[in-house]
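First residue of the sequence shown: 15, per our numbering; consecutive thereafter. Written below as structure tokens is the structure these notes are about.
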Amino acid sequence: CRVCGVPGTKRCPRCKSVYYCSGDHITWASLLYDWRTHKSHCLPNPARSQHARGLRPGDTVTVAAYLFSVNADSPRVVQVTCTLREPEEGGYMWHDPNFKEYVQWPALGYVGVRRATPAPTAPPLNHALSILFHEFGLLDNQHPNRCVEKLVGGAGKTHQKWVGDIMLFREEVHDRYCDVKEEDLAPAIEYFRDYGRL
15 CRVCGVPGTK RCPRCKSVYY CSGDHITWAS LLYDWRTHKS HCLPNPARSQ
65 HARGLRPGDT VTVAAYLFSV NADSPRVVQV TCTLREPEEG GYMWHDPNFK
115 EYVQWPALGY VGVRRATPAP TAPPLNHALS ILFHEFGLLD NQHPNRCVEK
165 LVGGAGKTHQ KWVGDIMLFR EEVHDRYCDV KEEDLAPAIE YFRDYGRL
């Protein structure tokens, strides 16, 4: 319980993410004690609000994503169809991108970008970015990504070795993609350069 600390089974009726021990503490917490803290995190139940907007699993959307091809000199924008999938355990419906037209990854690697740089003190972005790549590209002896090398100022300028084809997606709602923007390149480049160092 967010009010008294005992184990609770009742959830916040709005977001379902916080537990309370009783209806009294939900009301008391909402009105007095916990609301100032909880308010910024209290988003409506995602599954209910998504269905209310008419979103259904299986719906598709085409979004613009950046493709950093292994042998390219610069990134290019490509169109990727994403399918909306069922939420997992009360979470959000999420987009499953069909990137097979552009890349073939046996295992998907992921880096979430939520700040302007990988430093924990860096300012947060007002959206999130997803860097997707072949998780075992180094083990599969894939070539260094020339596009990333050029963006960071040359070979050997990154902490982590980036190999194979890489894609960048933008998300403004939990795990649902929208079109990338040119401004998304700057934080991506910072992550390419320093990811794993900080």
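No residue lacks a Cβ here, since even glycine has one placed at the ideal position from N, Cα and C.
Is the distance from the Cβ of residue i to the Cβ of residue j below 9 Å?
i, j, result
"D179", "N159", "yes"
"L152", "F82", "no"
"V194", "L139", "no"
"W108", "F147", "no"
"G72", "L98", "yes"
"L165", "P101", "no"
"V247", "P111", "For residue 247 there is no data in the structure shown, the boundaries of the chain being 15 and 212."
"A130", "A136", "yes"
"Y205", "C96", "no"
"I145", "A202", "yes"
"W119", "E163", "no"
"V187", "Y106", "yes"
For the beta strand (DSSP E) holding residue i, just list the boundary residues, first then last.
i, result
"G126", "122-129"
"F113", "Note, F113: premise wrong, no beta strand (DSSP E); not H, not E."
Closer than 8 Å: is that where the CB of residue i sits relative to any heavy atom of the ligand GTP?
i, result
"A200", "The model depicted lacks the ligand GTP and carries no ligand whatsoever."
Could you pull the DSSP bridge partners for residue i from this structure?
i, result
"Q93", "A78"
"Y98", "The question names Tyr, but residue 98 in the sequence shown is Leu. H109."
"L143", "V127, R184"
"P138", "R129"
Can you give the beta carbon distance from residue i to residue j, rounded, assuming they're within the 8 Å contact cut?
i, j, result
"H173", "G123", "With a Cβ gap of about 16 Å, H173 and G123 do not count as contacting."
"V91", "Y80", "6 Å"
"H141", "R184", "6 Å"
"C161", "D87", "7 Å"
- Query: What are the complete alpha helix (DSSP H) segments, minimum 4 residues, inside the region 146-203?
  - Reply: Listed in chain order, they are 160-166.
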